[in-house]
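Engineer: Protein chains in written order, with my numbering: chain A, 212 to 554; chain B, 212 to 554; chain C, 212 to 554.
For each residue, glycine too, the CB sits at the ideal point set by N, CA and C.
Owing to the predicted nature of the structure, the values given are computational and were not obtained by experimental measurement.
Next up is a structure, given as C-alpha cells.
Spelled out as C-alpha cells, the structure:
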C-alpha cells in the first residue's frame, strides 16, 4: 500500500461535477460524483449494490440515482429507495457505500478512509485558490505513473531546465542555492534569488524596471499536494523569505490523487493576485501551463515504464532530490502508522 | 471451473461453417470447424500436432486439412495422412484431437467433454428452430463477459424497462407478476398478462382487435441456453399457461457458449409461426433484435469490468433474480458433480 | 532462462546506430546505443542511474549523454561527469552500466554476459558479409515470438513450399534428401540437388544453359545465428559439398536476438558474390526477401499465440526438424552449463 487512506484527496474540479454522474477511481476504489438539486456533492461507490453495474451509467432522478440495469433507485445517502419492481419491499440495509465529501478552494475533496475521522479542518489550506483578490484556474490530466513520481518532480524544480527547455526552463535556476526543511508533516524547498534581472514573464507582471528579488518556495502538504509560492519584488521593497507580498505573486497549485498504484489524477493550476481582471491572461497562462505539464507527463510515464523494465535498478537521490525524499519519508511514516493501527 | 464440460454447446450457426475452416475457442479450447464434401462438419483442435500452428490457417484438400507451416496433412478424423516430406512414413498415432459435433435446429453443436458420453438425444430441444411452419433467423455476437451474466440477464426481463427503454422496454412489464419454478434441470420463469391491450408489435402480428392474453415464459436449459416463449392470443380463445398456441407465438432463442472465464459467444434469434412468408419481416426483426442485444452487450461488459474493479463486492439477488439464481444453482451442481467424478 | 548470456548478439545494423541514441532491449535488458565522434559505438543501460528515465530520451553532448530529466551527464564509459547542479561534486562511482560492443560484418554486436569474457574472436565468422568481392544488404523486423521458433524455421526449409508458396517455395525442395550433422557447437543441414534444371532466379544469375548442381547448406551458429549457403554451379564444374564456388553463390544471413522470452529482433540479409555491381539487383532482392520474411512473421507470431492458447500441447519433431532440434539441444546445453557455473 502506497496511499495514505485517512486523508482528503482532490476528486475533481468543482466545475467537473454536475447533475450527471462523473466516474473516477480514487485510491483504487471506483467512485462516482454528482450534485444534488441544492448543489451539494454526492460521492458513492460506482457499483450498484444489486448487480454491480456502474451507477455512473445510471439516470439521476431528483437527488437520487437509478441504476440503468434493473432500475434499483438509491438516495444520495446511498440507501435503496425503490426496488426494481416498484411494489417490492425495499431490502433493509441495502445501500451503496458513500464517501464524505467537501467542497473547498474550487475543488471537490473526498475522504477515503474511516468516515468518523473526516474533519474539514484537515483539508489543506490552499487559501490562494479562493481568497478575495486572487484569481485561480487550471486543468486536469490523467497520468499513468505512481503519484509519488509527480511529487518528486514538483519538489525539485531543477528539472525545468531540461524537461521544459523550450518553455519555462532557465539555466539560472540551476545556479541559485536551495534549502530544504521540514515543518511537522510539511516539506519546504526554498530558492531565493536576490537582486537579479527579472525574466520577461515577471517583468511584464511587475510593470516596472530595476533589479528584483525572486522566489520559488515549494511546499509539500500530505497526502499529495504541492503548492509553489512564486513571484518577484523590487529589491527596494525589502522582501524576505518570511514576508514577500510587496511585488507580484502567484501560487502554482498541484494535487496528485492516486487512481491505482501506477496511475494518478493530476489537478494543476495557478492562483495569482496580479492582473486579476485580465481574463485573457488567465486563458493564455492556462494554455501555457497545460503545455508545460504535458511535457512532464511524457517524462513521468516513461520513468514509470522504465522502473518496470529495470526491476534491478533503484531510484537514487541527490541533494536536489531532498524535497521529494523528505516528502516520501512523511508519506511512508503515515502509511506505516495507519497499517500498525489496523493490525 | 465455471463450465459444464459433458454437454452440447452451440459452436456456430449452420451457415457460418463451410469448406474453409472457422476458428472458435469453446470452453477454453481453441477449435476449428469445416465441412466435408458431404457437408458433415469436422471439429478439430486448432493446433497442428507438429508445431502447433493454428490449423484454421491451413488449406483444405478434399476432406482433409493441410497445415500451412510444413504441410502435415490430417484427415477429418484428425489422423495424420501425409508427412511434410511426402515419402516419410506417417508417425503412428499422430493426430489432432477431434470433437463430437452434431447439426440440429440450425446450429452446429459441439460436445466438449468425454466423447463416449456424447449423445445427440441430449441436445436441447429447440424445436421451433426447425419445425415445419416456423421461420428462424438470428445473429452472433462476441461478448466480453462471464456467460452466466447473460443467463442472469435473460432470466429476468425486468431489465428491459431500463436497458431497452428506447426499444422493447415497457413499464407494464414491471407490474405483471412473475413465477419461477424448477423442473429437473430446467428453470422456468413465467409472466402471464391476462386481458391486456396488445402492444403495437403483437397487434400487428395478430391482425385483430380486442383484449389479449400475453405471455413471456423464459426457460433455462443447461448448459447455457435460454428460450423465451412469447406471444398473445385473443382473450376469447381461452389460452392457458399449459396451452397457448391459439394466437400468434414466437420463441426468442439464446445460446451462450463460454469462450473463456471472461468471454462468451452469443447466438441469438427468433423463431415464429406467424407471417412466415414475409421475408421483409424476418430481416427487419433481426435488425431490431440485433440492436436490442447490442444494448445488453454494453451493460454486460460494463458489469464484468465492474466486478473486477470492485473485488470486495458481491452480486446480490432479489425476487426478480430468482430465475438466474436457480439457473446458477443447477450449473454449480452439475459442475461440482463433474469434479467429484473426476477426483 | 532461455538465453545464452555469455555470447555476442547482433544489437543493430551498423547504419542503424548514429549520434542519436537508439533504444533496444537485448535479452531482457533495456539498452541504448550511439556513436562517439570517432564513430565507435557506446552501449549503455537505457536508464539514468539517478531517476531511471531512459537515457535514449537524452541529449548527446560530445561523446557524453545528458539525461533529459535532471541533466545528469554520463560519459561514454557510463561514468557520471556532471551532476544536475553543475557545482555539486560528482557522486563517486555513480554510473550507468555499459556493455562491451564490437562492430563486425556490418553489424553492431553486444556481449550481454560477464564483461571479462568478451572476446571479439568469438564473434560468429559471417565472412561473406564483409569480404572483398561480396555485396551484403538486408533489413530488420521485430517479431513477437520466442527466438527459437525462428531458428526452427530457418533450420528446416521444407516450410518454404507452404508458407512461401507464392514466392520462393518449390515442390522439388521437398524431394531432395537432407542430411543433418553436428560439428562442435554448430549444426549443419545440407540439401544437395545434383544435375537439376536451375530455377529462374539462379539461371539468371548463372547466365548459362545446362544442368546444374544446386545446394542449400544451413548452418546454426550459437547463440542464435543461421547462415545459409545457397547457389548453383554447372554440372561440368564438379562442385562438391566441400568445395562449391565454381558457379554463383550467396549466403542468406539471419540473426535472431532475443528481446524477451516472447519477442525477438530479426536481422536478415543476403550476401552474394555475383552481379555485385548491379545496385538494382540489391534493392530488388532486399524487397523480395523482406516480403518472404514477412510471411514467416505472420506464421511465427500465430505459432507463439497458439502455444500459449494450447498449454497442454507440446511441439513435436519429425525428421525435417532435426536441424532445429539439434540447435535447441546446443542452446540448452550452454544455458545449463552457464547456470551451473553461477550456482
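1) Entirely within the stretch 304-385 of chain B and at least 4 residues each: give me those alpha helix (DSSP H) ranges in chain order.
2) Residues of chain C with CB closer than 8 Å to the CB of residue 280 of chain B, please, in chain order.
3) Taking only the alpha-carbon atoms, compute the straight-line gap between residue 553 of chain C and residue 236 of chain C and give it to the nearest angstrom.
4) Determine which residues of the stretch 436-462 of chain A have a Cβ less than 9 Å from any Cβ of chain C, and write them out in chain order.
5) Could you tell me if residue 288 of chain C is buried or exposed, where buried requires 16 or more neighbouring beta carbons within 10 angstroms of its beta carbon?
6) Tell me, please, which residues DSSP counts as bridged to residue 431 of chain A.
7) Locate the alpha helix (DSSP H) running through residue 462 of chain A, then write down its first and last residues.
8) From B/436, B/405 and B/415, pick the residue whose C-alpha is nearest to that of residue 422 of chain B; which is it?
9) Could you pull the start and end residues of the alpha helix (DSSP H) that residue 236 of chain B belongs to?
10) State the start and end residues of the unbroken alpha helix (DSSP H) segment that holds residue 415 of chain B.
11) Going by DSSP, what residues sit across from residue 481 of chain B in a beta bridge?
12) I'd like to know if residue 520 of chain C contacts chain B, where contact means its C-beta is closer than 7 Å to some C-beta of that chain.
13) What is the DSSP secondary structure of residue 545 of chain B, counted as helix, strand or coil?
14) Give me, in chain order, the residues of the same chain whose beta-carbon lies closer than 7 Å to that of residue 507 of chain C; leave out the 5 immediate sequence neighbours on both sides.
15) As a quick exercise: from A/456, A/261, A/317 and A/269, pick the residue whose alpha carbon is nearest that of residue 243 of chain A.
16) Which same chain residues, not among the five before or five after residue 286 of chain C, have their C-beta less than 8 Å away from its C-beta?
17) Grab me the residues of residue 358 of chain C's own chain with a C-beta within less than 6 Å of its C-beta, minus the 5 sequence neighbours each way, in chain order.
18) For a quick check, are the C-beta atoms of residue 337 of chain A and residue 316 of chain A less than 7 Å apart?
19) Ordered along the chain, which non-local residues of its own chain (more than five positions away) have a Cβ less than 7 Å from that of residue 392 of chain C?
20) Report yes or no: do the stretch 492-508 of chain C and the stretch 223-236 of chain B share at least 3 C-beta pairs separated by less than 8 Å?
21) For chain B, is any of its Cβ atoms less than 7 Å away from the one on residue 531 of chain C?
22) Hey, does residue 476 of chain C have any beta-carbon neighbour from chain A nearer than 7 Å?
23) State the Cα-Cα distance for the pair residue 279 of chain A and residue 282 of chain C, rounded to the nearest angstrom.
24) Can you tell me whether residue 341 of chain A is buried or exposed, with buried defined as 16 or more other CB within 10 angstroms of its CB?
25) I'd like to check one pair, residue 318 of chain A with residue 441 of chain A: are the Cβ atoms closer than 7 Å?
26) Judging by CA-CA distance, which residue of B/266, B/261, B/229 and B/263 is the nearest neighbour of residue 249 of chain B?
27) So, does the stretch 510-519 of chain C touch the stretch 247-264 of chain B, judging by three or more C-beta pairs under 8 Å?
28) How would you write the range of the beta strand (DSSP E) that residue 240 of chain B sits in, first residue to last?
29) So, under 8 Å CB-CB, residue 437 of chain C and residue 481 of chain C are touching, yes? Tell me the CB distance rounded to an integer number of Å.
30) Do residue 545 of chain C and residue 215 of chain C have their C-beta atoms closer together than 7 Å?
31) Quick one: is residue 390 of chain B buried, meaning 16 or more other Cβ sit within 10 Å of its Cβ, or exposed?
32) Between residue 253 of chain C and residue 493 of chain C, how many whole angstroms is the CB-CB distance? I'm expecting something under 8 Å.
33) Fully enclosed by the stretch 246-270 of chain A, which beta strand (DSSP E) runs are 3 residues long or longer?
34) What does the Cβ neighbour count give for residue 284 of chain C, buried or exposed, with the cut at 16 atoms within 10 Å?
35) Compare the C-beta of residue 365 of chain A with all C-beta atoms of chain C and state if any pair is closer than 7 Å.
36) Which of the three DSSP states, helix, strand or coil, is assigned to residue 284 of chain B?
Structural biologist: With the structure as the only source:
1) 358-365 and 371-374
2) Within the second chain, the letter at position 69 stands for residue 280 of chain B. Scanning chain C for C-beta atoms nearer than 8 Å to the C-beta of residue 280 of chain B yields 370, 373, 374, 510 and 514, reported in chain order.
3) Reading the third chain from its first residue, position 342 is the one you call residue 553 of chain C. Reading the third chain from its first residue, position 25 is the one you call residue 236 of chain C. Rounded to the nearest angstrom, the two C-alpha atoms are 23 Å apart.
4) none
5) Taking the third chain and counting its residues from 1, one reaches residue 288 of chain C at position 77. Burial call: exposed.
6) Stepping through the first chain from its first residue, residue 431 of chain A is reached at position 220. Beta-bridge pairing links residue 431 of chain A to A/398 and A/437.
7) On the first chain, residue 462 of chain A is found 251 positions in, with the first residue counted as 1. Careful: residue 462 of chain A lies outside any alpha helix (DSSP H), inside the beta strand (DSSP E) at 459-471.
8) Residue 422 of chain B sits at position 211 when you count from the first residue of the second chain. Answer by Cα proximity: B/405.
9) Taking the second chain and counting its residues from 1, the one referred to as residue 236 of chain B is at position 25. No alpha helix (DSSP H) holds residue 236 of chain B; the beta strand (DSSP E) holding it covers 233-237.
10) Locating residue 415 of chain B in the second chain gives position 204, counting from the first residue. Residues 411-417.
11) As a working note, residue 481 of chain B is residue 270 in the second chain. Residue pairing from DSSP places residue 481 of chain B in a beta bridge opposite B/348 and B/463.
12) Your numbering for residue 520 of chain C matches position 309 in the third chain. So yes, residue 520 of chain C belongs to the interface.
13) Stepping through the second chain from its first residue, residue 545 of chain B is reached at position 334. Three-state DSSP puts residue 545 of chain B in a helix.
14) Taking the third chain and counting its residues from 1, one reaches residue 507 of chain C at position 296. Taken in chain order, the residues that qualify are 364 and 374.
15) The residue given as residue 243 of chain A occupies position 32 in the first chain. Among A/456, A/261, A/317 and A/269, the Cα nearest to that of residue 243 of chain A belongs to A/269.
16) One-based indexing of the third chain puts residue 286 of chain C at position 75. The answer, listed in chain order, is 274, 275 and 292.
17) Your numbering for residue 358 of chain C matches position 147 in the third chain. Cβ neighbours of residue 358 of chain C beyond the five flanking positions: 435, 467, 469 and 475.
18) Here residue 337 of chain A is taken as the residue at index 126 of the first chain, counted from 1. Here residue 316 of chain A is taken as the residue at index 105 of the first chain, counted from 1. Against a cut-off of 7 Å, the Cβ pair of residue 316 of chain A and residue 337 of chain A comes out as a contact.
19) The sequence position of residue 392 of chain C within the third chain is 181, counting from 1. Excluding residues within five positions, the ones whose Cβ falls inside 7 Å are 399.
20) no
21) Here residue 531 of chain C refers to the residue found at position 320 when the third chain is read from its first residue. Proximity of residue 531 of chain C to chain B, defined by a Cβ-Cβ separation below 7 Å, is satisfied.
22) Here residue 476 of chain C corresponds to residue number 265 of the third chain, with the count starting at 1. Using a Cβ-Cβ cut-off of 7 Å, residue 476 of chain C does not count as an interface residue toward chain A, since no Cβ of chain A sits closer than that to its own.
23) Position 68 of the first chain holds residue 279 of chain A. Position 71 of the third chain holds residue 282 of chain C. Answer to the nearest angstrom: the Cα atoms are 52 Å apart.
24) In the first chain, the residue the question calls residue 341 of chain A occupies position 130. With fewer than 16 other Cβ atoms within 10 Å, it is exposed.
25) Counting from 1 along the first chain, the entry for residue 441 of chain A is found at position 230. Counting from 1 along the first chain, the entry for residue 318 of chain A is found at position 107. The answer is no: Cβ separation not under 7 Å.
26) Residue 249 of chain B sits at position 38 when you count from the first residue of the second chain. When only C-alpha atoms are compared, the closest one is B/229.
27) yes
28) To locate residue 240 of chain B, count along the second chain from 1; it is residue 29. First-last of the beta strand (DSSP E) with residue 240 of chain B: 240-246.
29) Here residue 437 of chain C corresponds to residue number 226 of the third chain, with the count starting at 1. Here residue 481 of chain C corresponds to residue number 270 of the third chain, with the count starting at 1. The beta-carbon separation of residue 437 of chain C and residue 481 of chain C, rounded to 13 Å, does not stay under the 8 Å limit for a contact.
30) Counting from 1 along the third chain, the entry for residue 545 of chain C is found at position 334. Counting from 1 along the third chain, the entry for residue 215 of chain C is found at position 4. Yes. Within cutoff.
31) Residue numbering aside, residue 390 of chain B sits at position 179 when the second chain is read from its first letter. Flag for residue 390 of chain B reads exposed.
32) As a first step, residue 253 of chain C is located in the third chain; it is residue number 42 there, counting from the start. As a first step, residue 493 of chain C is located in the third chain; it is residue number 282 there, counting from the start. That belief does not hold up - the Cβ atoms of residue 253 of chain C and residue 493 of chain C are roughly 30 Å apart, past 8 Å.
33) 252-256
34) Residue mapping note: residue 284 of chain C aligns to position 73 of the third chain, counting from 1. The Cβ neighbour count for residue 284 of chain C, taken over all protein chains shown within 10 Å, is at least 16; the residue is labelled buried.
35) Taking the first chain and counting its residues from 1, one reaches residue 365 of chain A at position 154. Not an interface residue.
36) Within the second chain, the letter at position 73 stands for residue 284 of chain B. Residue 284 of chain B falls in the strand class under three-state DSSP.
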